[in-house]
Every structure is written in structure tokens, then in C-alpha cells.
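So the mapping is simple: the working numbering equals the position in the sequence shown, first residue as 1, plus 123.
C-beta: ideal position from N, C-alpha, C; glycine also.
The structure displayed is predicted, hence computed values, not measured ones.
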Amino acid sequence: MNHSLYVHIPFCKHRCHYCDFNTYAGKESLIQGYVDALIQELRIASFFLTDEQVHSIYFGGGTPSLLAIEQYEEIFKAIDQSFTLTDEIEISIEVNPGTLTRSYLDRLHKLGFNRISVGVQSTNSFDLTRLDRIHNINDILEGVRFARQVGFTNINLDLIFNLPWQDLSSWERSLSRAIDLAPEHLSVYALIIEPGTPLFDWYSRGLIAQQDQDLEAEMFETTMAMLDRAGYVHYEISNWAKLSTDRDYRCQHNLQYWYNLHYVGVGAGAHGYLGGVRTENESQIEEYISRIRCKNLDSLSFPQTPATLLTSEIDLATQMKDFMWLGLRLVNEGVSEDRFHKTYGCSMRELFDSEISGLLDLGLVRWSEEGGGTLLLSKRGVMLANQVFMAFI
Ligand code: SF4
124 MNHSLYVHIP FCKHRCHYCD FNTYAGKESL IQGYVDALIQ ELRIASFFLT DEQVHSIYFG
184 GGTPSLLAIE QYEEIFKAID QSFTLTDEIE ISIEVNPGTL TRSYLDRLHK LGFNRISVGV
244 QSTNSFDLTR LDRIHNINDI LEGVRFARQV GFTNINLDLI FNLPWQDLSS WERSLSRAID
304 LAPEHLSVYA LIIEPGTPLF DWYSRGLIAQ QDQDLEAEMF ETTMAMLDRA GYVHYEISNW
364 AKLSTDRDYR CQHNLQYWYN LHYVGVGAGA HGYLGGVRTE NESQIEEYIS RIRCKNLDSL
424 SFPQTPATLL TSEIDLATQM KDFMWLGLRL VNEGVSEDRF HKTYGCSMRE LFDSEISGLL
484 DLGLVRWSEE GGGTLLLSKR GVMLANQVFM AFI
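Given below as C-alpha cells:
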């Protein structure tokens, strides 16, 4: 079985108004110490995967494009020395359009990155200002153009809709301009106003409107229709990939999560899942570095590294439920009886008989004949997916 590697880069130039990710602004002086600690954690984590190959690596953040190329060279050297990589490995990096130059992208590509995920969020200047992004429309256009020029052939654009001030036609224009950039992949999420963010504060004080659920549903339906017309396959609730006969543009790294397969997570706040155990790392940068530097390795058990803060063994019943709700996210693939039986040696239909019957009665799922019977979200289920997932959580 192939494994995946997630590397968290928790640095940003500045915190956007909606962000509740594990990332910090104004801590650039810690970057080199953090890279050293990351390399150390990668070497320790590689002992968990002595026989397995790694088929995807994802650098997420934060803003991974804040690291210098020389720092990526050090990290890549450690990865090459510590892990066995497949020939067709996908290596992704999240980049902020406000941090890119042609030469930086060129060097990333030459180093081995073969997929970039551009944090566009909106192609509307007003939205970018209100979200307090560090980039403008020109940065997006240039970033994507440079990425193409230096040879990236697998580009994702991240977009957000359901902004409190956004109407349907504004979202349509934002999405339409993103489609015009011809990315191979699009990740499109509805904004959630998270507590602790400036947006939440504005909302609490009545300075911005409440989000409208009917409008959100209309925007999502419009998104599906526009991306379908533009030739994208809707393969996961929030993700679309260009259809190609000779190349799979779906995000191989995220598919690892949705198939409930194993991955190692390194870096501050990173999560991992190995051998039925979920892990979560210390999230504060300073504490992360000091744990890697100081902690005694003898006190650790699989799959802990010195940065591991929490470990939880996932019992078989929970693994099977996770398999269901994560698999159902794959809207055109679903969960097949064959795949479930091959993984757990029992029948999904029998095990989850009451959950599935209840969801069928509500019209939220449907069966297809493939794979010995495959359970899929219905059209209504795609719109009300959280309700479906709750049946298995
Ligand atoms: S760039 Fe991304 S990770 Fe950084 S503050 Fe903005 S939303 Fe958060």
C-alpha cells in the first residue's frame, strides 16, 4: 500500500480576516529553526515507513511559498534520503499569489514539485480586499502565467464562495474568471465564519450580514453547472478535475484521505494516520521546535515523534464508519460493497443496514450496480452532505 506525507508550513506574511488555520504572522525569524526541526522529524517519521513507498507529498499551510528555495532543497534532500518515493509521485505545494516570482516557481519546478495549488480565493478585487488577502488580481494572473511558463502542467486554484457581501452574479464572475485561467483542478469551498476571526467579530457586531443558506445552495448549484459546462469532473464534494484520457488530475494526496488510507503528518499542528492510530502534533512553532530538539526518543511508541501531542487508536467500528463518510465524499465513485469487503472482510450493506435505509428513505443516497453495489450521494445528498455524514459519525 502506498503512503502519503503531509508537511505543514505554519508561516504567513499576514493573517487574513477569515483564517482560523494553524498559522502565524510575524514569525519569519523562526523559519530556519523550524526547517531544521522539520528535517529532524522527517527522519524520525521515516522509520515508520521502512517497507512502504510514498506516492504523494503535500506542503500545506500557512504559506509554504514563504520558504526559500534553499530551505526546500534541504527538506527534499532529507526526504530523498529517508523515504522511498514512487516514480510517479505527486508533490504539491500551496502558494500564495502575493509571494510568487517567475524564478521562484521555476526553481520549485526544477526541484521536483509537479503540482501547485494557488490560493486565489476570489478573482474580484473587492472580495480580496475585504478578506484582507495580500495579493491582487494581477498577482493571480502573473502567478498562473509564470507557473505555466516554467512548466507546471497540474495547477489547482482554491476559491471561496458564500462571502457575506457576495451575490450570485458576483460569484459567477469570480468563478468564470478562474475558469478562464484553465487550471487542471479547482477546489471550491463555502466560507465558514469561524470564531476568533475578524470576520466573526464583524458578524457578531452586526457589521456584516448573516450568510443566507438558500443563496449558498444556489451558488453551489451554479458552481456545479458552470464547471460541468467547462469540462471539469465533479469528483469530490468541493473538488473538480479536468477530464483527460491520459492523465488523472484528481488530487492524489487528498484521495489518500478520502480513501481513509495512511499518511504521515509532520510539522506544527500536523495530523497523521498510521496503523489505525491518529496523531496530532504540537501546534505552536516555538514549542514544536523545542520538543523536536529536546525530547527523548526512547519514551516514544509507534507512530509518535517528539512533536506528537495526541494519539488516538481508532477502533475497527470507527474505522469502518470513517471509511463510509469519507468515501461518500467522492460523489461519482462512492463506496462499493466490493471495496468495503476487501478492506474489512464484511458487508457494508449488512453492517450499516439501518443507516443506509434511513438515508435512502430521505432520498439522500442511491445505489448503483457497479462494484457489487455502490452507495453514492444522490443529487439531494450532495446538497445536504453533512446530514449524510452525520449518520456515520
Ligand atoms: S494566507 Fe491562508 S493560511 Fe495564511 S492567513 Fe491567509 S488564509 Fe490563513
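Simplified DSSP state of Asn509, which is helix, strand or coil
helix
Could you name the residues whose beta carbon sits closer than 6 Å to any heavy atom belonging to the ligand SF4, keeping them in chain order?
Cys135, Arg138, Cys139, Cys142, Phe144, Thr146, Gly184, Gly185, Thr186, Asn219, Gly242
Taking 8 Å as the threshold (C-beta atoms), are Val273 and Asp229 in contact?
yes
Since I believe Phe515 is in contact with Pro478 (beta carbons under 8 Å), could you give me their beta-carbon distance rounded to a whole number of angstroms?
Residue 478 is actually Glu in this sequence, not Pro. Indeed they touch by this definition, with Cβ atoms about 6 Å apart.
How close, in whole Å, do the beta carbons of Tyr372 and Asn277 come, if the pair is a contact with beta carbons under 8 Å?
6 Å
Among the candidates Ser179, Leu190, Phe199, Gly184, whose CA atom is the shortest distance from the CA of Ile212?
Ser179
Would you call the CB atoms of Phe199 and Phe425 closer than 8 Å?
no
Report the start-end ranges of each beta strand (DSSP E) in the region 258–313 that is 3 residues or longer and not cut off at the edges.
278–284, 308–313
Cβ neighbours of Gln407 in the same chain (closer than 7 Å, five flanking residues each side left out)
Ala391
What did DSSP end up calling Lys465 once you bin it into helix, strand or coil?
helix
For Pro429, the nearest candidate out of Glu436, Asp438, Asn419, Gly183 (CA to CA):
Asn419
Asp303 classed as buried or exposed, judged by whether at least 16 other C-beta atoms fall within 10 angstroms
exposed
Taking the straight line between their C-alpha atoms, what separation do you get for Ile132 and Asn219?
13 Å
DSSP three-state assignment for Arg401, whether helix, strand or coil
strand
Determine the extent of the beta strand (DSSP E) in which Tyr131 is found, giving its start and end residues.
First, the residue type needs correcting, since residue 131 is His and not Tyr in the sequence shown. First-last of the beta strand (DSSP E) with His131: 126–132.
Nearest to Gly235 by alpha carbon, out of Leu251, Ile214, Leu223?
Ile214
Assuming Thr320 and Cys142 are in contact, meaning their beta carbons sit under 8 Å apart, how far apart are those beta carbons, in whole angstroms?
6 Å
Where does Ile180 fall in DSSP's three states?
strand
Can you tell me where the alpha helix (DSSP H) holding Lys233 begins and where it ends?
225–234
Identify, in the order they occur along the chain, each residue of the same chain with its Cβ nearer than 7 Å to the Cβ of Pro306, setting aside the five sequence neighbours on each side.
Ile278, Asn279, Leu280
Should the region 148–158 be called in touch with the region 261–275, which here means at least 3 C-beta pairs below 8 Å?
no
Environment of Ile167 [buried if 16+ CB atoms lie within 10 Å]
buried
Can you tell which of Phe134, Leu423, Ile154, Gln176 has its C-alpha closest to the C-alpha of Gly184?
Phe134
DSSP three-state assignment for Asp337, whether helix, strand or coil:
helix
Inter-stretch contact at 8 Å, needing at least 3 Cβ pairs: the region 447–460 / the region 492–510
yes
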